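My numbering numbers the first residue of the sequence shown as 5 and each following residue consecutively. Glycine included, every Cβ here is placed at the ideal spot set by N, Cα and C. Computed from a predicted model, the values in this text were never measured in an experiment. Okay, so here's the structure we're looking at.
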Amino acid sequence: MELPVALIALLNSVGLVALVAMAYGSVIRITGKPIHTGILTGLLFGAAGVISMIDPFVLDPGIMIDGRNLAVALSGLFGGGLSVVCTLVLVIGYRLLEGGVGIASGVPSAILSGVAGYYCMRSAAVRPYQPRTLVKLAALVSCSTATVFLLPWEFAVRIVSEFGFFFTLLNFVVILFAGQFLSREEARLKLEVRLTEEAATDPLTRLANRRTFDLKAPLLARNASVTDRPYSVLLIDIDHFKRINDTWGHPAGDDILRQIADLISEQVREGDLVSRYGGEEIALILPQLGAEEAQQVAERIRASVDTKQFRAGVQLIPVTVSIGVAVSSRPPRPFPIVFKAADEALYLAKHNGRNRIELAGGRPLLKNAAE
């Protein structure tokens with residue numbers, strides 16, 4: 005009767021792992037930073053391991069058989085080092101609370117299973133869920149049960165002879181099933197992320213596109229206004245860009261646009277929004293920056309483009325930008341009004357000689373270097 009009872013207990017662990025696999029899909033969706041994903045994944049698999057230990061198959065007082073090693077190994081494979089540490093803390097902690105002679109085997113076996121999961125994740129970082137990696141993990145987890153020989157000899161022989169084959173088979177079935185399921189979950193998530201990014205990003209420059217700017221910029225402006233902080237809008241236009249395309253070709257123009265986008269991105273903060281607003285025009289909103297700080301950002305951008313050596317083959321291409329700057333006032337003006345003011349300032353910068361910065365409602369911040 006012991007074997008059927010043991011199989012029922014272990015099959016319950018299989019169902020538990022399946023539920024964890026489905027929950028894992030939600031974890032990787034709601035977490036952004038790797039450290040948060042690692043901790044939540046570890047807690048998730050740790051909870052699964054503890055639950056499997058609550059209703060184990062008891063071979064003898066203090067000697068229990070359950071699915072904890074599967075939970076620990078999968079935690080290492082799916083979540084990495086931080087995840088497996090969190091899982092081991094929960095699983096080993098609960099096992100120590102239970103007590104019994106089986107601790108001598110159970111704790112080392114859990115640690116070895118966690119190391120096996122982490123090793124398989126690190127050794128196949130590009131595709132950690134490919135069948136070959138999953139088979140290797142199942143084999144390593146099965147080998148970790150060799151720690152039963154740390155128990156009294158009669159118990160070790162009994163466990164291996166009566167349950168060894170079924171444990172090994174179950175390890176392979178569960179790990180292959182969970183691995184394939186989670187592989188599909190992660191692939192689906194990556195596809196969702198990629199489609200979301202493509203919908204929000206300009207494919208040439210990798211900056212936010214106009215749709216994203218029109219959605220996010222008013223929110224950033226409103227958040228700044230609510231906290232009684234200023235914000236600035238910069239509109240940047242590449243001078244004589246049509247002439248560049250006509251003279252050196254559109255591939256050269258595209259390359260220049262990409263390089264300028266990179267230069268601009270280097271000059272802004274993480275919370276700033278940079279967008280290819282249309283054609284050769286790039287729009288920025290800089291939350292919590294007033295006129296003086298916005299001037300400094302605009303000048304760094306203008307100077308970095310002016311001093312950059314752009315090439316078409318071996319030939320140098322002179323490239324400059326004009327920048328219009330508008331700053332929210334007190335009381336704060338609606339974002340569309342500030343944006344329109346920046347657009348008018350950009351027009352003045354181009355009208356007054358290009359390669360310069362104009363502040364809406366104020367004096368020119370930078371005159372053409374040749375003046």
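With distances taken between CA atoms, residue 220 lies nearest to 204 out of 230, 204 and 232.
In the DSSP assignment, residue 274 falls outside any beta strand (DSSP E), carrying neither H nor E. Beyond the five residues adjoining it in sequence on each side, residue 339 comes within less than 7 Å, by CB distance, of 221, 222 and 225 in the same chain, given in chain order. Rounded to whole angstroms, residue 71 and residue 41 show a C-alpha spacing of 23 Å. Residue 145 sits close to residue 175, with the two beta carbons spaced by under 8 Å.
Across the set 306, 294 and 318, the C-alpha of 294 shows the shortest separation from the C-alpha of residue 364. Residue nearest to residue 189 within the set 30, 206, 355 and 19 is 30 (criterion: CA-CA distance). Under the three-state reduction of DSSP, residue 337 is assigned to coil, being neither helix nor strand. The Cβ atoms of residue 122 and residue 84 sit closer than 8 Å to each other. Counting along the chain, the unbroken alpha helix (DSSP H) around residue 56 starts and ends at 38 to 58. Per DSSP, the continuous alpha helix (DSSP H) segment holding residue 188 begins and ends at 157 to 204. In the DSSP assignment, residue 328 falls within the unbroken beta strand (DSSP E) covering 325 to 331.
Comparing C-alpha distances from residue 324 to each of 297, 346, 148 and 268 shows the shortest one belongs to 268. For residue 181 and residue 158, the gap between their C-alpha atoms comes out near 33 Å. Judged by DSSP in its simplified three-state form, residue 237 adopts strand. Comparing alpha-carbon positions, the option among 331, 51, 23 and 305 lying closest to residue 76 turns out to be 51.
For residue 148 against residue 217, the beta-carbon gap comes to about 53 Å, at or over 8 Å, which does not count as contact.
DSSP assignment within the stretch 248 to 306 yields the following whole alpha helix (DSSP H) runs of 4 residues or more, N-terminal first: 254 to 270. In this model, residue 59 and residue 44 are separated by some 24 Å (Cα to Cα). Of all alpha-carbon atoms in 311, 282 and 332, the one lying nearest the alpha-carbon of residue 290 is that of 332.
Sorting 243, 97 and 308 by C-alpha distance to the C-alpha of residue 283 places 243 at the top. Under the three-state reduction of DSSP output, residue 211 falls in the coil class, being neither helix nor strand. When 171, 78, 201 and 39 are compared, the shortest CA-CA separation from residue 124 is found for 78.
With respect to the 8 Å criterion, residue 271 and residue 305 are classified as neighbours on the basis of their beta carbons.
Close CB contacts of residue 90 within its chain, under the 7 Å cut and outside five residues either way in sequence, are with 43, 46, 47 and 50 (chain order). The shortest CA-to-CA distance from residue 193 to any of 106, 358, 34 and 360 is the one to 34. For a cut-off of 8 Å, the C-beta gap from residue 328 to residue 346 is around 5 Å, short enough to register as a contact.
Residue burial annotation: residue 362 is buried, with at least 16 other C-beta atoms found within 10 angstroms of its C-beta. Counting only unbroken stretches of 4 or more residues, the alpha helix (DSSP H) elements lying wholly within the stretch 79 to 132 are 85 to 102 and 107 to 127, in sequence order. The C-alpha of residue 98 lies about 17 Å from the C-alpha of residue 116. The way I'd put it, the stretch 198 to 215 doesn't touch the stretch 312 to 322; fewer than three beta-carbon pairs between them come closer than 8 Å. Taking a 10 Å sphere around the C-beta of residue 276, we find 16 or more other C-beta atoms and assign the residue as buried. C-alpha of residue 288 to C-alpha of residue 250: approximately 27 Å in a straight line.
When only Cα atoms are considered, residue 334 and residue 211 end up about 30 Å apart.
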